[in-house]
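For reference, the structure is listed below as structure tokens.
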Amino acid sequence: MKKMTVLTGITTTGTPHLGNYVGAIRPAIEASRDENVNSFYFLADFHSLIKCQDPVRVHQSRREVAAAWLALGLDTDRSTFYCQSDIPEIPELTWILTCMTAKGLMNRAHAYKAAVQENEENGSPDPDKGITMGLYSYPILMAADILMFNANVVPVGRDQIQHLEMARDIAQRFNHHFGEHFVLPEARVDESTAVLAGLDGRKMSKSYNNYIPLFAPESALRKMIMKIVTNSQAPEEPKDTEGCALFDMYRAFATPEQVGEMRKKFAAGIGWGHVKQELFEVVNAQLAEPRNRYAELITNPDYIEKVLKQGAEKARTSSRPFLHRIRRAVGIRPLSD
Ligand code: TRP
8 MKKMTVLTGI TTTGTPHLGN YVGAIRPAIE ASRDENVNSF YFLADFHSLI
58 KCQDPVRVHQ SRREVAAAWL ALGLDTDRST FYCQSDIPEI PELTWILTCM
108 TAKGLMNRAH AYKAAVQENE ENGSPDPDKG ITMGLYSYPI LMAADILMFN
158 ANVVPVGRDQ IQHLEMARDI AQRFNHHFGE HFVLPEARVD ESTAVLAGLD
208 GRKMSKSYNN YIPLFAPESA LRKMIMKIVT NSQAPEEPKD TEGCALFDMY
258 RAFATPEQVG EMRKKFAAGI GWGHVKQELF EVVNAQLAEP RNRYAELITN
308 PDYIEKVLKQ GAEKARTSSR PFLHRIRRAV GIRPLSD
């Protein structure tokens, strides 16, 4: 039986936080242990340039994200872990796909439409004000990432479903014209993975600046957890676990037995300060070891670089011959041939 290929990219624009960990990193690392899948994880650093034009930030985020995945135990022998910018076949495939992508398809992309709408709402005479071609054609770069490795399944967040549909559209159009070269990928959105709330109660996100960095030192982690907003219920009042951000976060880190105990405490009445203390303990217990490994790795960028370069070499054993095939398919081959 041919192994299924699972692939996902991580845009490197910020510092990994607890929400990234619970929602993406932890499930991906678990999935990568499955013997029956061939998994690809990569740092989407070309994607990061769309949102971030600060070279210091771009560089730092690449390092932090790579160190985080390694510190959390990604098995780089079993999976293929690399940096997008180390695979020169990707931008090349992007161009070939760009020439097969309907402009109208890109006009419909959510991210682009949202940017246009914002301009219109601000009364700008130019609806495309401040919109780069990078933002506009972002879905084609993403399609190249995916189609390059014939991924069958792409685990993503809800906001990325449209991009997967576009990748399929682009692949279909190419296949129809040049022959069956690309596998049609499917998005996998795992509804069961937790979405954590941030310090202010909204979804934890870099853009809201309400996040808890994954590897904050222990004392900072504690302080931030203590700052999470709660309502003004008195300690002895029975509390609802439903829709409670603290409870959800606790559940994302605690064992089922601990969660059961916490449920009882909520029903009986427990002060928010105590909930936070227990929350801190379970989060810290899970992160203490990886945090130490992270601290070691982050001061050893040469090692991280070496691991990524090895991953890129492994990835290129398929991207090189595959791009060769695609070039031939479109008519770019030796003149004598
Ligand atoms: N656009 C994705 C995000 O922001 C990241 C990404 C880039 C990606 N290339 C990909 C995800 C390929 C899956 C497959 O989350």
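Numbering of the sequence shown is given in the numbering used here, commencing with residue 8 and proceeding in unit increments. Think of the CB as a built atom: it goes at the ideal place given N, C-alpha and C, for glycine as much as any other residue.
Return the residue from the list Phe-53, Arg-69, Lys-283 and Cys-106 that minimises the CA-CA distance to Met-149. Within the sequence shown, residue 149 is the residue found at index 142, counting from 1. Nearest C-alpha to Met-149: Phe-53.
At what residues does the alpha helix (DSSP H) containing Leu-79 begin and finish? By one-based count along the sequence shown, residue 79 stands at place 72. It is not in any alpha helix (DSSP H) - Leu-79 carries neither H nor E in the DSSP assignment.
Output needed for Pro-308: all residues of its chain with C-beta closer than 7 angstroms, excluding positions within five of it in sequence on either side, in chain order. Within the sequence shown, the letter at position 301 stands for residue 308. So the qualifying residues of the chain are Arg-70.
Which whole-angstrom value describes the C-beta separation of Pro-297 and Leu-79, a residue pair presumed to lie in contact below a C-beta threshold of 8 angstroms? As a working mapping, residue 297 is identified with position 290 in the sequence shown. As a working mapping, residue 79 is identified with position 72 in the sequence shown. Confirmed, Cβ separation roughly 5 angstroms.
Quick check: what's the CA-CA separation for Ile-305 versus Glu-96? On the sequence shown, residue 305 is found 298 positions in, with the first residue counted as 1. On the sequence shown, residue 96 is found 89 positions in, with the first residue counted as 1. Going from the Cα of Ile-305 to the Cα of Glu-96 covers about 28 angstroms.
Look at the Cβ atom of Gly-16, then the Cβ atom of Ala-38, and state whether they are nearer than 8 angstroms. What you label residue 16 is simply residue 9 of the sequence shown in a count that begins at 1. What you label residue 38 is simply residue 31 of the sequence shown in a count that begins at 1. Cβ distance not < 8 angstroms, so Gly-16 and Ala-38 don't count as in contact.
Comparing alpha-carbon positions, which option in His-281, Glu-172 and Phe-185 lies nearest Leu-253? Position 246 of the sequence shown, counted from the first residue, corresponds to residue 253. That would be His-281, whose Cα lies nearest to the Cα of Leu-253.
For a test of the three-state rule: what should DSSP assign to Tyr-215, helix, strand or coil? Numbered from 1 along the sequence shown, position 208 holds the residue referred to as residue 215. Three-state result, Tyr-215: coil.
Run of the beta strand (DSSP E) containing Met-11, from where it starts to where it stops: On the sequence shown, residue 11 is found 4 positions in, with the first residue counted as 1. It spans 11-18 - the beta strand (DSSP E) in which Met-11 sits, taken as one unbroken run.
Just to confirm, does Ala-51 get its C-beta within under 7 angstroms of one of the non-hydrogen atoms of ligand 1? For the purposes of this step, residue 51 is taken as the residue at position 44 of the sequence shown. Yes, the Cβ of Ala-51 comes within 7 angstroms of a heavy atom of ligand 1.
Suppose contacts are defined by Cβ-Cβ distances below 8 angstroms. Is Val-163 in contact with Ala-194 by that definition? Position 156 of the sequence shown, counting from 1, holds the residue named residue 163. Position 187 of the sequence shown, counting from 1, holds the residue named residue 194. In this structure, Ala-194 lies closer than 8 angstroms to Val-163 by Cβ.
Looking at Asp-61 and ligand 1, is the gap between the Cβ and the nearest heavy atom below 7 angstroms? Against the sequence shown, residue 61 aligns to sequence position 54. Outside the cutoff, so no.
Under the assumption that Ile-153 contacts Val-196 (Cβ atoms under 8 angstroms), give the Cβ distance between them as a whole number of angstroms. Counted from its first residue, the sequence shown places residue 153 at position 146. Counted from its first residue, the sequence shown places residue 196 at position 189. So it is not a contact: roughly 15 angstroms between Cβ atoms.
In or out: Val-29 buried (at least 16 other Cβ within 10 Å) or exposed? Counted from its first residue, the sequence shown places residue 29 at position 22. Buried.
Alpha carbon of Pro-62 to alpha carbon of Gly-267, nearest angstrom: Taking the sequence shown and counting its residues from 1, one reaches residue 62 at position 55. Taking the sequence shown and counting its residues from 1, one reaches residue 267 at position 260. Spanning the two alpha carbons is a distance of roughly 47 angstroms.
I want to know whether the stretch 177-187 touches the stretch 104-111 - three or more CB-CB distances under 8 angstroms. yes
What are the start and end residues of the beta strand (DSSP E) that includes Asn-45? Start at 1 with the first residue of the sequence shown, and residue 45 comes out as number 38. First-last of the beta strand (DSSP E) with Asn-45: 44-51.
Looking at Ala-259 and Ala-201, is the spacing between their C-beta atoms short of 8 angstroms? Taking the sequence shown and counting its residues from 1, the one referred to as residue 201 is at position 194. Taking the sequence shown and counting its residues from 1, the one referred to as residue 259 is at position 252. Yes. Within cutoff.
Report the residue from Arg-40, Ile-311 and Thr-22 whose alpha carbon sits nearest the alpha carbon of Val-65. Start at 1 with the first residue of the sequence shown, and residue 65 comes out as number 58. Here the closest residue by C-alpha is Thr-22.
When you measure from the CB of Val-163 to every non-hydrogen atom of ligand 1, does any distance come out below 7 angstroms? Along the sequence shown, one-based indexing puts residue 163 at 156. Result yes, Cβ under 7 angstroms from ligand 1.
Straight-line gap, Asp-247 to Pro-34 (C-alpha atoms, nearest Å): Here residue 247 refers to the residue found at position 240 of the sequence shown. Here residue 34 refers to the residue found at position 27 of the sequence shown. Cα to Cα, the separation comes out at about 27 angstroms.
Check whether the Cβ atoms of Gly-345 and Thr-101 sit closer than 8 angstroms, and answer yes or no. Any answer about residue 345 is impossible in this case: the structure gives the chain only from 8 up to 344.
Mark Gly-130 as exposed unless 16 or more other C-beta atoms lie within 10 angstroms of its C-beta, in which case mark it buried. Start at 1 with the first residue of the sequence shown, and residue 130 comes out as number 123. It is exposed - the Cβ of Gly-130 has fewer than 16 other Cβ atoms within 10 Å.
Do you know offhand how far Met-155's Cα is from Leu-81's? The count along the sequence shown starts at 1 and reaches residue 155 at position 148. The count along the sequence shown starts at 1 and reaches residue 81 at position 74. Straight-line Cα distance between these residues: approximately 22 angstroms.
Identity of the residues DSSP links to Thr-87 by a beta bridge: Taking the sequence shown and counting its residues from 1, the one referred to as residue 87 is at position 80. DSSP, once it has assigned bridges, lists Phe-47 as partnering Thr-87.
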